[in-house]
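Numbering (this note's numbering), first residue to last: 49 to 980. The beta-carbon is built from N, C-alpha and C at its ideal position, and this holds for glycine as well.
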Amino acid sequence: MQRLKKLSKDFIHKLTDFSGGTLDSDKFEKIIQLVESEIKLHYFTSSSESNLLRIIENQFDRIFFLKECIKYPHHIEVLVNIATNSNYLSDILVRNPEYFFIITNPDKLRNPLNDKDYEKLIYETVNRFKTFEGKVNALRNLKRREFLRIGVTDIYVNEKLERVTYELSLLAKAITSALFYLCYQEILSKYKIEKLSNKYCLIALGKLGGGELNYSSDIDLIAFTDKNTFIKNKIYFNQILTETVQLFIEQASSITPKGFLYRVDFRLRPDGRNAPLCASFNQYLHYYEMRGENWERQMLIKCSFICGSSSLYKKFFSFVGKFTYPSSFRVSPLVQIKKLKANIEKSVSAETDIKTLPGGLRDIEFSVQALQLLNGGRIPHIRTGNTLNAIKFLQECNLLSDNESKSFTEAYIFYRKVEHYLQLMNNAQTHTIPESGELLYKLGRYFGFNTIDKFQDTVEVHRKKVSEIYKSITGEAEDTTITFLTDINFTDKKRAHNNFEFLQYGKGILAAKKFDALTISSFEIISSTLINYLKNSPAPDQVLDNFARIIKTAQFPGIWYKEFADFNYFQLFLRTCEYSQYTINLFAEDKYLRDLFLSRKCFKKIDKTSIPDFSTKEFLFTLSIQYTTGLINTEFVNSYLSGFILNKIKGISDTFSTNKKWQNDFLIIGLGSFGAKELTFTSDIDLIFVVNGLNKYPQVQNEFQELLSEIKKVLSPFEVDCRLRPEGKSSYLVWDQHTYSEYLKSRARVWELQAFLKASYVNGNINQYNSLTKGFISRLKSLDTFFVKKEMMEMRKKLSASGPISSAADIKKSTGGLTDIEFIVSYLLLTNYNYVKKCIGAGTQKSVNTLSLDKQIKINLNKMAEYFRTLKNIELANKILFDTRSSRIPADEIKLKKLSLFLDYKDHKSFLNELNNVLVKNAKFYFEVFNN
49 MQRLKKLSKD
59 FIHKLTDFSG
69 GTLDSDKFEK
79 IIQLVESEIK
89 LHYFTSSSES
99 NLLRIIENQF
109 DRIFFLKECI
119 KYPHHIEVLV
129 NIATNSNYLS
139 DILVRNPEYF
149 FIITNPDKLR
159 NPLNDKDYEK
169 LIYETVNRFK
179 TFEGKVNALR
189 NLKRREFLRI
199 GVTDIYVNEK
209 LERVTYELSL
219 LAKAITSALF
229 YLCYQEILSK
239 YKIEKLSNKY
249 CLIALGKLGG
259 GELNYSSDID
269 LIAFTDKNTF
279 IKNKIYFNQI
289 LTETVQLFIE
299 QASSITPKGF
309 LYRVDFRLRP
319 DGRNAPLCAS
329 FNQYLHYYEM
339 RGENWERQML
349 IKCSFICGSS
359 SLYKKFFSFV
369 GKFTYPSSFR
379 VSPLVQIKKL
389 KANIEKSVSA
399 ETDIKTLPGG
409 LRDIEFSVQA
419 LQLLNGGRIP
429 HIRTGNTLNA
439 IKFLQECNLL
449 SDNESKSFTE
459 AYIFYRKVEH
469 YLQLMNNAQT
479 HTIPESGELL
489 YKLGRYFGFN
499 TIDKFQDTVE
509 VHRKKVSEIY
519 KSITGEAEDT
529 TITFLTDINF
539 TDKKRAHNNF
549 EFLQYGKGIL
559 AAKKFDALTI
569 SSFEIISSTL
579 INYLKNSPAP
589 DQVLDNFARI
599 IKTAQFPGIW
609 YKEFADFNYF
619 QLFLRTCEYS
629 QYTINLFAED
639 KYLRDLFLSR
649 KCFKKIDKTS
659 IPDFSTKEFL
669 FTLSIQYTTG
679 LINTEFVNSY
689 LSGFILNKIK
699 GISDTFSTNK
709 KWQNDFLIIG
719 LGSFGAKELT
729 FTSDIDLIFV
739 VNGLNKYPQV
749 QNEFQELLSE
759 IKKVLSPFEV
769 DCRLRPEGKS
779 SYLVWDQHTY
789 SEYLKSRARV
799 WELQAFLKAS
809 YVNGNINQYN
819 SLTKGFISRL
829 KSLDTFFVKK
839 EMMEMRKKLS
849 ASGPISSAAD
859 IKKSTGGLTD
869 IEFIVSYLLL
879 TNYNYVKKCI
889 GAGTQKSVNT
899 LSLDKQIKIN
909 LNKMAEYFRT
919 LKNIELANKI
929 LFDTRSSRIP
939 ADEIKLKKLS
949 LFLDYKDHKS
959 FLNELNNVLV
969 KNAKFYFEVF
979 NN
């Protein structure tokens, strides 16, 4: 909008109408002359002229008003200043023309009010009214009048920034105190309570707390009680104060015909918006002591008293002083301040926002607060919530140089005065310098710049100086979260960074920090151990993925971090994250197993007598974590796992068979890896149910179906079935003793005879088991050796894994694998029945030991037994590391490297060479047995 050098004809015409011919021409001309002389000093526009006209038009006695302006020329100066530089103050004068003679009284402008003056002024103002509404409206009117007075001292008198912010803060504290007391009395009246001995305290934070409020600042507050005592009728004091706060927020923030007071914010209280509006003194102290964060230390620098109990405030201030200014920090506040500032800058797009732009107000405040936090513990002199005072004190203590102090002070005053001008113009909460337009020109002219370029150059000079000082203070506080990534061989660095940030701060997808200061500090203690572990890990991505997965479901992550301060315990955990996906999948989301891990009970040696006390999941978890951390070996796992399953099935079937008619006539047999006592964590449990005199028990099939369901339920996550029974899934679940015996003696095929070599007694009538094994052995005596060999070779071909002997070999089915060894042992037993009684259900290892005593057997069984153990070790490790049911080892190089290191090989090439050698040797054994 174009600048006016003279008043418009329209303005003069309307002013003539206002005077109504009662003002002689000389006086009228004098008015015009005075106004036009003044507007030349400002960037006066048609909007300014409109403001001026509105102010004059709404005077109670326009003629008297105009005559007074001639009599006192400074009235014109005030009028034009307000009309040009503040639409907001112009609006106040239009609404309350009587205020004009207050702001033109030199005594009112020159002599600032102190806290006692405001206390008296508010007391006199409020007590003229009897109703709650009347008293609150009186406060609104008072605030409007005082804002006008303070604003005029700012833009007309050009008062120092310190006085303006001080008066704005005193006014806000006085009004806030009075309003809170009125609300408190209103709530007491609501509950018919005349007087309470309980104490409360209302505390200011932010700019109000520091005594440096601007015209449009939010007011940050917290409230607390001395203690939450019972009052009457199920009412506690915290409820009284909470309702007071709620009413206070409503009355302070409501926009009414009388205006509004302040935007008040209680979100800086402990635990933020999700917490009660007030709590007790001890609750707040406990929070800051246990979970207070660095940003809250920064916040509490500006803590100051508003109203309530001053003695309660002194107690609070004494405590938070120790919290705010500790003698040392576990996590440097510089890092936290840089991150907080970075997050603020991300959310603000305007490059002309003098509050948040690099080198702006925020950089000054954060630099000053960082120095206060770091040094306030040993230098009490620098403890102040006021930024300008803090700069001065930091200079006096040589924490800022003279030049730094000068640069900060000049920039801060300049920025704040620009901020005040912008906010006074339209009563808006803004910090953004316009890029063009009337407001920009008015701003430049007001600050004495002939051109906009010179104004913008001044902003840039301040910005650069502040940025340099800010960087010199915070530059060394680098966040190692990024830098350590370059030293670690992550596959997905972005994912790793996100995981680390989550573990450190609780940051999720939305980048909101969830962890409290104590948790963050606890993580910092263990972070170097974690980083060192990751540097040496073959799979650092998996370690962080699994670590984060565990912590994501932790109700109190800090408890885990504190436990991990035990170096050895933390190493065991990290090894589990790295080498046992099976264990992680088992307990990551299982609260009971997580607690078991935290208690360390899962690392205690397993006593056989305590096995019945374990649940299946608990036992699997305990075995898997002990195996992963090297406390037990493969043989231990096979033996104890088989023993556990045996114990569970025996217990379930004993209970189930009680009072059943077939109680003494049943038999449960274990087959497969369970029968051979070679169970792994992902094995199936193969069972056969037999009843002597089956036809005598018509309900037995249904009853054993119930028994099987119960066994499956208890043994979950194991798969339990009876597929190896005669004629498979198409046959009855329970077989008759005699029928089964006859089947073994006459109809069982070679593969079924081979499977029965692993048959072991589980529960029931032992005589029935002995009878079956006796009949089985008698069948073996009649077998044709050539026929057995032919049948087994055909079966082996069907079971062969596809693919060459390679990094993707199948430990079980590939040529030379575990299946070849089992076939060799089975063939030797089926064709040497004298050993069967001793070896049935004994497992491959014990059977080989027994067969090795036979000098007629030419192959090196001892060597084969060694290879068997090697393959069983690999098989179990493969299943644990990758939580797979497959026996095929991974082709992926990272996984292969991890498997090799877990099994103590130098590298994956050494591992593959030895595996290939074992498979080749076993294949030769197989050839010697079956091709001769």
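Within the DSSP bridge table, the entry for G307 names T304 as partners. Taking K363 as reference, the option from A544, L261 and Y332 with the minimal CA-CA separation is Y332. In the DSSP assignment, S948 falls within the unbroken alpha helix (DSSP H) covering E941 to F950. In this model, S375 and F365 are separated by some 17 angstroms (Cα to Cα).
V798: member of the alpha helix (DSSP H) spanning V798 to F804, first to last residue. Collapsing the DSSP output to three states places T682 in a helix.
Put simply, of A890, H61 and T201 the residue whose alpha carbon is nearest the alpha carbon of K156 is T201. Sorting E215, Q233 and I279 by C-alpha distance to the C-alpha of G257 places E215 at the top. Under the three-state reduction of DSSP, N423 is assigned to helix.
Non-local C-beta neighbours of F180 in its own chain, meaning closer than 7 angstroms and more than five positions away in sequence, comprise L230 and E234, ordered along the chain. DSSP, read as helix, strand or coil, puts D540 in coil. A residue is called buried once 16 or more other Cβ atoms fall within 10 Å of its Cβ, and T64, having fewer, is exposed. Between I568 and Y553, the C-beta gap is smaller than 8 angstroms, which places the two residues in contact. Under the three-state reduction of DSSP output, L269 falls in the strand class. About 6 angstroms separates the Cβ atoms of Y373 and R431, confirming a contact at the 8 angstroms cut-off. For D858, the secondary structure class from DSSP, reduced to helix, strand or coil, is strand. About 6 angstroms separates the Cβ atoms of T676 and R623, confirming a contact at the 8 angstroms cut-off.
When secondary structure is reduced to three states using DSSP, K370 falls in the helix class. A distance of 8 angstroms or more separates the beta carbons of I680 and F722.
For W783, the enclosing beta strand (DSSP E) covers residues V782 to D784. In this structure E790 is exposed. Its beta-carbon is surrounded by fewer than 16 other beta-carbon atoms within 10 angstroms.
In the three-state scheme derived from DSSP, where H, G and I count as helix and E and B as strand, Y791 is classed as helix.
When the five nearest sequence neighbours on each side are left out, the beta carbons in the same chain lying within less than 7 angstroms of the beta carbon of I825 are those of Y881, V884 and K885, in order along the chain. When the five nearest sequence neighbours on each side are left out, the beta carbons in the same chain lying within less than 6 angstroms of the beta carbon of D732 are those of E767, in order along the chain.
The beta-carbon separation of S575 and I517, rounded to 30 angstroms, does not stay under the 8 angstroms limit for a contact. Between S848 and the set F930, A796 and R936, the nearest pair of CA atoms involves R936. Nearest neighbour of Q904 by Cα position, chosen from K954, T879 and L924, turns out to be T879. The region 699-718 and the region 950-960 do not touch, with fewer than three beta-carbon pairs separated by less than 8 angstroms.
Rounded to whole angstroms, the separation of the alpha carbons of I79 and S56 is 14 angstroms. Runs of the beta strand (DSSP E) spanning 3 or more residues and lying entirely within the region 465-498 do not occur at all. A residue is called buried when at least 16 other Cβ atoms come within 10 angstroms of its Cβ; S264 meets this threshold and is buried. A distance below 8 angstroms separates the beta carbons of V142 and R102. Remark: C-beta atoms of L963 and I922 approach each other more closely than 8 angstroms. Residue burial annotation: Y640 is exposed, with fewer than 16 other C-beta atoms found within 10 angstroms of its C-beta. Taking a 10 Å sphere around the C-beta of F538, we find 16 or more other C-beta atoms and assign the residue as buried. Shown here, S808 sits in a strand according to DSSP, grouped into three states.
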